[in-house]
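J.:
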Amino acid sequence: MICQDYKNLMMAYIDGELEPEARKTFEEHLQSCKECSAELKEFKQLKQLTDDIEFAEPEDRIWEQYWQNIYNRTERTTGWVLFSIAAILLLIYGGFKFIETIIHDPSVGFILKAALLVLIAGAAVLFVSVLRERLYFWKKDRYKNVRR
Amino acid sequence: MDSLCKNTLPMQPSTACELTFESSVKKYMKDAYFIALGLSGNHEDALELSQEAFLKAYRNINHLQNHEKFFPWFYQILRNLCFDYLRKKKTRAGQYLEEIDDESLTNTNNDFNPEAIAERNETKEIIWKAIGQLDEKHREIIILRHFLNQSYEQIARNLFCSKGTVMSRLYYGRKQLKEILNKMKGEH
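Protein chains in written order, with my numbering: chain A, 1 to 148; chain B, 1 to 188.
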């Protein structure tokens with residue numbers, strides 16, 4: 001083993017994670033390597049300092065409200081999803097009814113009616129084009145099934 | 001509450017102990033909060049990020065194939081969320097502080113609030129600040145080992161890596177921490 005291998009073992013040594021056999025091998029290496037010996041001393045000091053620190057425990061009410069906060073947020077998300085779906089459906093229905101009224105209204109001129117229909121046709125072409133592009137790239141995406 | 005408990009998470013099938021999502025949250029909320037606190041450095045962000053991670057886990061619970069591995073799976077969500085948040089925060093800070101050069105920006109983390117640690121004294125505050133200056137991966141390993149008291153095996157399971165990688169990352173993490181502390185000593 002080279003010195004670098006012992007440096008990794010050094011971590012397990014100071015954390016008490018080494019098997020007795022490996023511990024013995026490491027201690028033997030320490031006797032012959034001044035560099036590792038000096039580094040071990042420094043790491044031990046650092047570990048002592050770091051082990052001394054603990055997180056401050058938040059107030060009890062934080063834990064009491066923790067689940068309730070998550071529940072409320074889930075409930076609100078569901079509410080927003082339902083609201084958005086209903087709003088989209090109502091907008092489409094309202095738009096459809098509005099166009100229908102204009103088309104059937106004899107007082108509205110032919111040019112305005114034609115312009116409105118062309119506008120709708122343009123929006124539909126744009127929508128289909130974007131949707132097709134999205135579907136194309138989604139199918140080609142090599143990473144779509146990668147889950148981290 | 002029952003409507004939220006559609007997904008049961010059997011953590012210990014041998015004892016036929018079936019836990020609901022709610023009980024999973026209650027079981028792991030402290031670990032989640034403290035991990036987020038170690039990565040973000042302050043109470044407000046830790047609370048927000050850990051709760052957001054549980055929400056994300058709830059939405060994606062169908063992707064969890066083995067419910068016994070809930071925590072390692074959840075841990076990936078939590079750490080990705082924390083790291084994304086920190087990167088966005090750093091980018092935003094970079095936009096506002098264009099005059100600051102890259103190196104000093106990387107090494108500055110003012111979010112590491114000393115109030116996050118118990119029984120504060122000067123030494124502890126200096127070390128906490130130094131931990132805040134470690135890069136993400138090294139900070140993570142130091143937090144899991146020293147603050148969450150996880151064994152090498154637990155860390156390896158949570159990070160989906162080998163025990164050898166844990167040892168090596170701890171070595172470089174502690175080495176970096178030592179260097180930062182020496183640099184801080186030199187500045188005072």
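All C-beta atoms, glycine included, are put in the ideal place defined by N, C-alpha and C.
What does the Cβ neighbour count give for B:N121, buried or exposed, with the cut at 16 atoms within 10 Å?
T.: Exposed, because fewer than 16 other Cβ atoms sit within 10 Å of the Cβ of B:N121.
J.: Could you pull out every unbroken alpha helix (DSSP H) segment of at least 4 residues lying fully inside the region 28–78 of chain A, listed in chain order?
T.: You should have 34–51.
J.: Could you tell me whether the Cβ of B:M184 comes closer than 9 Å to any Cβ of chain A?
T.: Taking Cβ atoms only, chain A never reaches closer than 9 Å to B:M184, which makes this a no.
J.: Does B:G41 pass the burial test, meaning 16 or more other C-beta atoms within 10 Å, or should it be called exposed?
T.: The residue is buried, with at least 16 neighbouring Cβ atoms inside 10 Å.
J.: Less than 9 Å between the beta carbons of B:Y28 and B:F83, yes or no?
T.: Going by C-beta atoms, B:Y28 is not nearer than 9 Å to B:F83.
J.: Whose CA, out of A:I14, A:F96 and A:I92, lies closest to the CA of A:T50?
T.: Taking only the C-alpha atoms, the option nearest A:T50 is A:I14.
J.: Output needed for A:A38: all residues of its chain with C-beta closer than 8 Å, excluding positions within five of it in sequence on either side, in chain order.
T.: Once the five neighbours on either side are set aside, A:A38 has no close Cβ partner at all.
J.: Can you grab the Cα-Cα spacing for the pair B:R174 / A:L90, in whole Å?
T.: Rounded to the nearest angstrom, the two C-alpha atoms are 60 Å apart.
J.: To the nearest angstrom, report how far apart B:S23 and A:E27 are at their CA atoms.
T.: If I take the Cα positions, the gap works out to 46 Å.
J.: Quick one: list the residues of chain A neighbouring B:L159, beta-carbon separation under 9 Å, in chain order.
T.: In chain order: nothing, as chain A lies at least about 12 Å away.
J.: Under the three-state reduction of DSSP, which class applies to A:I2: helix, strand or coil?
T.: Of the three classes helix, strand and coil, the one that applies to A:I2 here is coil, per DSSP.
J.: For my contact list, B:L144 and B:I155 are in at a C-beta cut-off of 8 Å; report their separation, rounded to the angstrom.
T.: Sure, about 5 Å apart at Cβ, within 8 Å.
J.: Over the uninterrupted alpha helix (DSSP H) stretch that includes A:L119, give me the two end residues.
T.: Looking at the DSSP string, the run of the alpha helix (DSSP H) that includes A:L119 is F110 to K140.
J.: Given a threshold of 16 other Cβ atoms within 10 Å of its Cβ, counted over all protein chains shown, does A:Y6 qualify as buried or as exposed?
T.: By the 10 Å Cβ count, A:Y6 comes out buried.
J.: Can you pull the chain B residues whose beta carbon is under 8 Å from the beta carbon of A:W63, in chain order?
T.: Within chain B, the residues near A:W63 are M29 and K30.
J.: DSSP beta-bridge partners for B:T123?
T.: B:T123 is not bridged to any residue.
J.: Within a Cβ cutoff of 7 Å, which residues of the same chain sit near A:E133, ignoring the five residues on either side of it in sequence?
T.: Within the same chain, A:E133 has no close Cβ partners at all.
J.: Can you tell which of B:M167, B:M184, B:F147 and B:K183 has its C-alpha closest to the C-alpha of A:E17?
T.: If we check each option's Cα against that of A:E17, B:M167 comes out closest.
J.: With distances taken Cα to Cα, identify the nearest neighbour of A:E57 among B:S162, B:F147, B:V25 and B:I180.
T.: It is B:F147.
J.: Between the region 48–79 of chain A and chain E, which residues of the former have a C-beta closer than 8 Å to a C-beta of the latter?
T.: Checking the listed chains, one finds no chain E in this structure; the protein chains it contains are A and B.
J.: Exposed or buried, which one is B:G38 when buried takes at least 16 other CB atoms within 10 Å?
T.: Per the 10 Å Cβ criterion, buried.
J.: Per the DSSP calculation, B:I117 is bridged to which residue(s)?
T.: A:F55.
J.: In the structure shown, what three-state DSSP assignment does B:F160 receive?
T.: Of the three classes helix, strand and coil, the one that applies to B:F160 here is coil, per DSSP.
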